[in-house]
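Chains as they are written, first to last, in the working numbering: chain A, 2 to 277; chain B, 2 to 277. See structure below.
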């Protein structure tokens with residue numbers, strides 16, 4: 002996402018001495034309504050920075066700074082100590098950050114700029130659907146579908162080297178024609194790719210307390226693991242390859258796909274390799 | 002991107018003993034034409050995997066496997082030894098990979114699936130414009146703009162720990178109303194965020210040799226480093242903060258933005274932290 006920091010940056014330290022910063026970004030965005038209108042809005046997003054990235058932000062990020070953040074969505078849940086309600090808050094844990102302000106300060110907005118001011122607020126998720134999608138029709142006659150998608154985040158504990166795993170649950174909202182189709186073809190257990198903007202909405206409990214819910218408003222939902230006839234035309238099978246003269250034959254004893262252990266795999270390449 | 006592997010996987014070893022695999026993916030995609038039609042196409046993309054990710058692919062990726070790849074675009078250039086022409090090829094260097102096939106094999110395509118079959122082929126680039134954009138009008142009367150964008154990739158050499166830097170150049174193509182606006186507000190030196198699909202097209206030299214060029218066909222181009230009045234309304238300035246009673250005052254001696262050294266910053270967090 003690309004946003005503007007709204008507050009002075011405060012660094013805090015974990016008991017282990019690691020710096021942590023919570024940025025509070027405003028992310029202006031534009032999107033197309035079902036009617037084709039361009040609507041504008043602002044999203045607010047908490048972004049947590051760790052380690053030397055936090056120190057860097059403490060030194061150089063100021064209120065109004067424009068920042069690019071790449072990272073993963075994380076929802077923290079807890080029980081309210083007085084009401085015993087379940088509470089949760091979704092934030093972005095930053096994996097990379099770019100300060101976007103020119104060295105001599107932000108430049109004025111060019112007069113012709115309109116489409117080129119569109120901001121970046123996007124979450125991409127590959128995960129499993131946790132419950133059958135629910136579709137309902139708004140009073141205005143529009144279809145809206147809600148979907149739960151779980152992703153598995155994996156990482157190594159830096160101090161112990163221990164492999165850690167955490168399931169992350171995402172609330173996904175889909176509108177219109179895509180909602181209708183997803184309602185038909187996606188079920189509990191389906192594997193999907195979901196892409197959309199992250200939006201936090203506020204609501205009030207019956208006791209008048211303010212609560213927030215963070216959702217991915219998806220404009221793409223692709224069903225994964227399905228046979229795609231058009232793509233398979235381009236696939237050169239092992240058999241075809243074996244028929245042609247070759248120096249290194251493909252492994253004929255490659256394991257069947259049923260033997261594949263873990264289907265998620267991360268590189269050993271450091272995040273420093275990332276282009277931004 | 003999400004694609005299907007087209008060939009049997011072959012592992013090779015660098016002289017240093019690191020495994021390398023080049024995947025050849027077909028990425029079926031759909032996009033909206035200027036006229037609002039949904040057009041379908043297929044992109045072919047080479048993806049390079051290193052280290053244990055390459056070994057993993059050698060063991061589990063088969064022709065037809067569906068795979069999610071995240072990574073960075075890299076263009077390798079060389080001089081043709083006979084013609085002394087400059088040649089180049091753009092590939093994706095994978096930073097993460099997910100095998101998408103269900104353990105018991107791909108499922109048949111649901112009959113209602115149409116929008117949910119849309120594939121993923123997207124490159125996001127934050128970089129500097131290397132030359133003034135060129136706009137021309139096609140014979141059909143459509144505006145098309147070409148743009149050069151440079152990104153700085155940084156990484157640490159794994160063996161020596163040496164900090165490395167490499168400029169990467171991207172060819173960007175923009176159509177329609179966005180092209181027209183970009184032509185007005187973007188100039189050499191502008192900082193932009195570009196998002197679009199990666200497409201490789203083939204053409205022939207005057208000598209009849211086949212050549213390929215890889216471009217990002219962008220549907221978003223955002224001008225960065227500009228003042229955004231709407232966003233700035235949400236910014237709480239240091240002065241406002243200081244006026245309110247606070248426990249920790251913001252650093253009054255924060256450096257001016259002119260002092261910011263390097264505006265690109267990568268986390269120490271390992272890529273294992275990535276959600277996919």
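By construction, the Cβ of each residue, glycine as well, lies at the ideal position given by its N, Cα and C atoms. Note that the coordinates shown come from a computational prediction; the quantities given were computed from them, not determined experimentally.
Taking CB distances under 7 Å as the criterion, tell me whether residue i reaches chain A.
i                      : result
residue 239 of chain B : At residue 239 of chain B, the pLDDT of 47 sits below 50, so the modelled position is not reliable and the matter cannot be decided from this model.
residue 224 of chain B : yes
residue 40 of chain B  : no
residue 2 of chain B   : no
residue 194 of chain B : yes
For the alpha helix (DSSP H) containing residue i, list its first residue and its last residue.
i                      : result
residue 143 of chain B : Counting along the chain, residue 143 of chain B falls outside any alpha helix (DSSP H), and DSSP gives it neither H nor E.
residue 186 of chain B : 177-186
residue 232 of chain A : 230-233
Whole-angstrom Cβ separation of residue i and residue j, contact assumed at under 8 Å?
i                      : j                      : result
residue 213 of chain B : residue 202 of chain B : 7 Å
residue 10 of chain A  : residue 226 of chain B : That pair is no contact at about 19 Å.
residue 180 of chain A : residue 233 of chain A : With a Cβ gap of about 28 Å, residue 180 of chain A and residue 233 of chain A do not count as contacting.
residue 148 of chain B : residue 118 of chain A : Contact doesn't hold; Cβ gap of about 17 Å is too wide.
residue 72 of chain A  : residue 46 of chain A  : 10 Å between Cβ atoms; not a contact.
residue 114 of chain A : residue 62 of chain B  : Between residue 62 of chain B and residue 114 of chain A the Cβ distance is about 44 Å, and since that is not below 8 Å, they are no contact.
residue 1 of chain B   : residue 216 of chain B : This structure does not reach residue 1 of chain B, given that chain B is present from 2 up to 277, and the question cannot be answered.
residue 28 of chain B  : residue 194 of chain A : Actually they are not in contact, since the Cβ atoms of residue 28 of chain B and residue 194 of chain A sit about 13 Å apart, beyond 8 Å.
residue 144 of chain B : residue 177 of chain B : 6 Å
residue 67 of chain A  : residue 101 of chain A : 4 Å
Where does the unbroken beta strand (DSSP E) through residue i begin, and where does it stop?
i                      : result
residue 44 of chain B  : 39-51
residue 123 of chain B : Note, residue 123 of chain B: premise wrong, no beta strand (DSSP E); not H, not E.
residue 88 of chain A  : 87-100
residue 199 of chain A : 192-205
residue 74 of chain A  : 67-80
residue 189 of chain B : From DSSP, residue 189 of chain B is part of no beta strand (DSSP E); its letter is neither H nor E.
residue 216 of chain B : 211-224
residue 106 of chain A : Segment: none, residue 106 of chain A is in no beta strand (DSSP E) and carries neither H nor E.
residue 63 of chain A  : Residue 63 of chain A -> no beta strand (DSSP E), and no H or E assigned at all.
residue 13 of chain B  : 12-14
residue 6 of chain B   : 3-6
What residues of chain B sit near residue i, judged by a beta carbon separation below 8 Å?
i                      : result
residue 187 of chain A : 117
residue 231 of chain A : 29, 41, 43
Can you pull the chain A residues whose beta carbon is under 8 Å from the beta carbon of residue i, in chain order?
i                      : result
residue 182 of chain B : 113, 114, 115, 116, 117
residue 228 of chain B : 107, 108, 109, 110
Would you say residue i reaches chain B, if we count a Cβ-Cβ gap shorter than 7 Å as a contact?
i                     : result
residue 69 of chain A : yes
residue 16 of chain A : no
Taking residue i as the query, report the chain A residues whose CB atoms sit under 7 Å from its CB, ordered along the chain.
i                      : result
residue 120 of chain B : 223
Going along the stretch 84-104 of chain B in order, which residues come within less than 8 Å of chain A, judged by CB to CB distance? Hits within the stretch, in order: 94, 95, 96, 97, 98, 99, 100, 101, 102, 103, 104.
Mind listing which residues of the stretch 167-182 of chain A have their C-beta closer than 8 Å to chain B's C-betas, in chain order? Cβ contacts with chain B: 169, 178, 179, 182.
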